[in-house]
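First up is the structure itself, then whatever we jot down about it.
There are 2 protein chains.
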Amino acid sequence: MSDESVELIERQITDFVRRIVMTEQREGRMERSAYILLRQLSTYGPAGVKALAENLQLDISTVSRQASALVEKDYVEKLPNPDDKRSYFYKITELGSEELEGNRRERFERLEEMLEGWTEEEQETFGRLLKRYNETANERLNL
Amino acid sequence: MSDESVELIERQITDFVRRIVMTEQREGRMERSAYILLRQLSTYGPAGVKALAENLQLDISTVSRQASALVEKDYVEKLPNPDDKRSYFYKITELGSEELEGNRRERFERLEEMLEGWTEEEQETFGRLLKRYNETANERLNL
DNA sequence: TAAAATAGTTGTATTATACAATCAATAACT
DNA sequence: AGTTATTGATTGTATAATACAACTATTTTA
Numbered sequence: 001m002s003d004e005s006v007e008l009i010e011r012q013i014t015d016f017v018r019r020i021v022m023t024e025q026r027e028g029r030m031e032r033s034a035y036i037l038l039r040q041l042s043t044y045g046p047a048g049v050k051a052l053a054e055n056l057q058l059d060i061s062t063v064s065r066q067a068s069a070l071v072e073k074d075y076v077e078k079l080p081n082p083d084d085k086r087s088y089f090y091k092i093t094e095l096g097s098e099e100l101e102g103n104r105r106e107r108f109e110r111l112e113e114m115l116e117g118w119t120e121e122e123q124e125t126f127g128r129l130l131k132r133y134n135e136t137a138n139e140r141l142n143l
Numbered sequence: 001m002s003d004e005s006v007e008l009i010e011r012q013i014t015d016f017v018r019r020i021v022m023t024e025q026r027e028g029r030m031e032r033s034a035y036i037l038l039r040q041l042s043t044y045g046p047a048g049v050k051a052l053a054e055n056l057q058l059d060i061s062t063v064s065r066q067a068s069a070l071v072e073k074d075y076v077e078k079l080p081n082p083d084d085k086r087s088y089f090y091k092i093t094e095l096g097s098e099e100l101e102g103n104r105r106e107r108f109e110r111l112e113e114m115l116e117g118w119t120e121e122e123q124e125t126f127g128r129l130l131k132r133y134n135e136t137a138n139e140r141l142n143l
């Protein structure tokens with residue numbers, strides 16, 4: 001493994017992560033956390049905080065608060081679980097879906113601007129390598 | 001531009017950023033912010049909070065606090081600027097350099113583990129594409 | 001020399017997060 | 001069946017990184 005590649009990647013990753021985190025905070029856009037939670041609910045359907053916390057790899061309390069915030073905004077509804085009165089299902093609402101979709105489109109547009117001038121192949125490769133990295137990270141987590 | 005690529009990349013980027021941010025928070029390692037500030041001082045030499053804030057694209061007050069925290073730990077010294085009594089130079093210390101270097105090595109090791117099994121070419125490409133992305137982001141910021 | 005600009009610090013607020021305590025409901029044990 | 005243990009969720013408290021606003025002490029400018 002070449003030291004140069006590792007050095008370059010390390011450097012680029014810190015910069016990359018940092019910029020994205022900060023840009024997201026600044027622009028008055030939907031927060032990363034809300035976006036990710038909504039996306040989760042939209043993709044995998046209603047779930048309780050415990051399951052969500054596991055999937056998102058967050059503390060239950062964190063998800064509980066995030067979910068409450070989304071309920072406040074009417075982006076999700078909190079439905080009692082008839083089979084277990086301790087628990088609830090959080091379900092994305094129509095409004096939440098619209099917000100999510102709008103946000104997604106915004107993110108896509110910004111990303112497209114960033115990728116202007118990239119060849120189709122470069123884009124494909126970038127996506128593939130990021131995905132591979134993520135998959136490895138997931139595996140390593142579940143050791 | 002293919003929608004699929006954009007979608008894939010968007011998804012992978014959110015996951016990527018999220019995981020890195022959270023992993024860094026959890027492991028009791030030097031914080032991202034401290035690492036980046038130290039790296040800046042190490043690479044470009046002593047500077048005052050204003051210049052640092054500009055380079056790092058942070059609010060001056062944020063850098064001021066970060067720098068103070070590093071002074072507390074003796075990772076940097078705060079030297080008065082003889083030519084302007086309002087301002088200071090923050091300079092990385094020997095101890096700070098050692099810490100930075102140790103941290104860097106740790107990060108490299110973890111990254112190497114993540115990149116196990118990648119070909120030399122894949123690594124090189126990943127680094128190159130991240131860099132390209134970052135450079136574009138920098139340009140766009142300075143519009 | 002008085003007013004304006006500048007470098008830095010500190011107070012206050014927000015967001016995302018974790019851990020601990022707690023509550024209510026369900027499951028397990030004897 | 002009745003007591004105890006476990007579980008799903010919420011809420012209190014704490015921390016880290018950040019921004020904005022108010023302020024102080026200098027320096028520059030008009």
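Going down the list, the sequences are from chains A and B.
Under UniProt numbering, residue 143 is the last one in the first sequence; the count climbs by one each step, no gaps.
Under UniProt numbering, residue 143 is the last one in the second sequence; the count climbs by one each step, no gaps.
From the three backbone atoms N, C-alpha and C, an ideal C-beta is built for every residue, glycine too.
Requested in this report: Mark A:L58 as exposed unless 16 or more other C-beta atoms lie within 10 angstroms of its C-beta, in which case mark it buried.
Outcome: Locating residue 58 of chain A in the first sequence gives position 58, counting from the first residue. With 16 or more Cβ atoms within 10 Å of its Cβ, A:L58 is classed as buried.
### contact_flag[the segment 89-101 of chain B, the segment 112-122 of chain B] where n(CB pairs < 8 Å) is 3 or more
Look at the beta carbons and you see the segment 89-101 of chain B not touching the segment 112-122 of chain B: under three pairs across the two are nearer than 8 Å.
Measure the CB-CB distance between B:V76 and B:V63 and report whether it falls below 7 Å.
Along the second sequence, read from residue 1 onward, the residue named residue 76 of chain B stands at position 76. Along the second sequence, read from residue 1 onward, the residue named residue 63 of chain B stands at position 63. When the beta-carbon positions are compared, B:V76 and B:V63 stay at least 7 Å from each other.
Practice prompt. Measure the CB-CB distance between residue 181 of chain B and A:V6 and report whether it falls below 7 Å.
Written response: Beyond the ends of chain B as shown, which are 1 and 143, falls residue 181 of chain B; an answer cannot be given.
**Message:** Helix, strand or coil, according to DSSP, for A:E116 in the structure here?
**Reply:** The residue labelled residue 116 of chain A in the question sits at position 116 within the first sequence. DSSP, read as helix, strand or coil, puts A:E116 in coil.
Residues of chain A with CB closer than 8 Å to the CB of B:R18, please, in chain order.
Along the second sequence, read from residue 1 onward, the residue named residue 18 of chain B stands at position 18. Correct list: R32, I36.
TODO: Using a Cβ-Cβ cut-off of 7 Å, state whether A:D84 counts as contacting chain B.
DONE: Position 84 of the first sequence, counting from 1, holds the residue named residue 84 of chain A. A:D84 does not count as touching chain B.
### Query
How about A:T43 and A:D74: are their beta carbons less than 7 Å apart?
In the first sequence, counting from the first residue as 1, residue 43 of chain A sits at position 43. In the first sequence, counting from the first residue as 1, residue 74 of chain A sits at position 74. It is not a contact, given that the beta carbons lie outside the stated cut-off.
- request: Throw me the rounded Cβ distance for the B:L130 and A:I13 pair, which I believe falls under 8 Å.
  value: What you label residue 130 of chain B is simply residue 130 of the second sequence in a count that begins at 1. What you label residue 13 of chain A is simply residue 13 of the first sequence in a count that begins at 1. Under the criterion of beta carbons closer than 8 Å, B:L130 and A:I13 qualify as touching, at roughly 7 Å.
Minimum Cβ-Cβ distance from B:G48 to chain A less than 7 Å: Position 48 of the second sequence, counted from the start, is the residue given in the question as residue 48 of chain B. Interface flag for B:G48 against chain A is unset, since no Cβ pair is found closer than 7 Å.
- What residues are listed by DSSP as bridge partners for B:A67? What you label residue 67 of chain B is simply residue 67 of the second sequence in a count that begins at 1. For B:A67, which the question treats as bridged, DSSP gives no partner whatsoever.
With a threshold of 7 Å on Cβ separation, who are the neighbours of A:R107 within its own chain once the five nearest residues in sequence on each side are excluded? What you label residue 107 of chain A is simply residue 107 of the first sequence in a count that begins at 1. If you ignore the 5 residues before and after A:R107, its C-beta comes within less than 7 Å of no other C-beta in its own chain.
How would you label A:Q66, buried or exposed, when you count the other beta carbons within 10 angstroms and need 16 or more for buried?
Looking up residue 66 of chain A in the first sequence gives position 66. Answer is buried; the Cβ neighbour count reaches 16.
Quiz item: Taking only beta-carbon atoms, is B:F126 less than 7 Å away from chain A?
Solution: Locating residue 126 of chain B in the second sequence gives position 126, counting from the first residue. Closer than 7 Å: yes.
query: Would you report the Cα separation of B:L95 and B:Y35, rounded to the nearest angstrom?
result: For the purposes of this step, residue 95 of chain B is identified with residue 95 of the second sequence, where counting begins at 1. For the purposes of this step, residue 35 of chain B is identified with residue 35 of the second sequence, where counting begins at 1. Roughly 13 Å separates the two Cα atoms.
Coil, strand or helix - B:E139 by DSSP
The residue you call residue 139 of chain B lines up with position 139 of the second sequence. Helix, per DSSP.
| said: Quick check on the burial criterion: 16 or more other C-beta atoms within 10 angstroms. Buried or exposed for B:N81? | reply: Translated into the one-based positions of the second sequence, residue 81 of chain B becomes position 81. By the neighbour-count rule (16 or more Cβ atoms within 10 Å), B:N81 is not buried but exposed.
Worksheet item: Are the C-beta atoms of A:L129 and some chain B residue less than 7 Å apart?
Response: In the first sequence, residue 129 of chain A corresponds to position 129, counting from 1. Taking 7 Å as the CB threshold, A:L129 lines the interface with chain B.
* Asked: If you draw a straight line from the C-alpha of B:D15 to the C-alpha of B:F126, how long is it?
  -> The count along the second sequence starts at 1 and reaches residue 15 of chain B at position 15. The count along the second sequence starts at 1 and reaches residue 126 of chain B at position 126. Rounded to the nearest angstrom, the two C-alpha atoms are 16 Å apart.
- Task: Note down, in chain order, every chain B residue with its Cβ under 8 Å from the Cβ of A:I92.
- Result: The residue given as residue 92 of chain A occupies position 92 in the first sequence. Scanning chain B for C-beta atoms nearer than 8 Å to the C-beta of A:I92 yields nothing, as the closest lies near 17 Å away.
Review point. Within the 7 Å Cβ cut-off, does A:S5 reach chain B?
Key: Sequence index remark: in the first sequence, residue 5 of chain A carries index 5 (1-based). True, the Cβ-Cβ gap to chain B drops below 7 Å.
Can the beta-carbon of A:P46 be found closer than 7 Å to that of A:K91? Along the first sequence, one-based indexing puts residue 46 of chain A at 46. Along the first sequence, one-based indexing puts residue 91 of chain A at 91. Inclusion of A:P46 and A:K91 in the CB contact set at 7 Å is warranted, their separation being smaller than that value.
Within chain B, the residues that A:A69 reaches when beta carbons sit closer than 7 Å
The count along the first sequence starts at 1 and reaches residue 69 of chain A at position 69. Identification of chain B residues near A:A69 by a Cβ-Cβ cut-off of 7 Å yields none; the smallest Cβ-Cβ distance measures about 17 Å.
Does the beta-carbon of A:N138 have 16 or more other beta-carbons within 10 angstroms, so that it is buried, or is it exposed? Translated into positions along the first sequence, residue 138 of chain A becomes position 138. The residue in question, A:N138, is exposed, as its Cβ has fewer than 16 Cβ neighbours within 10 Å.
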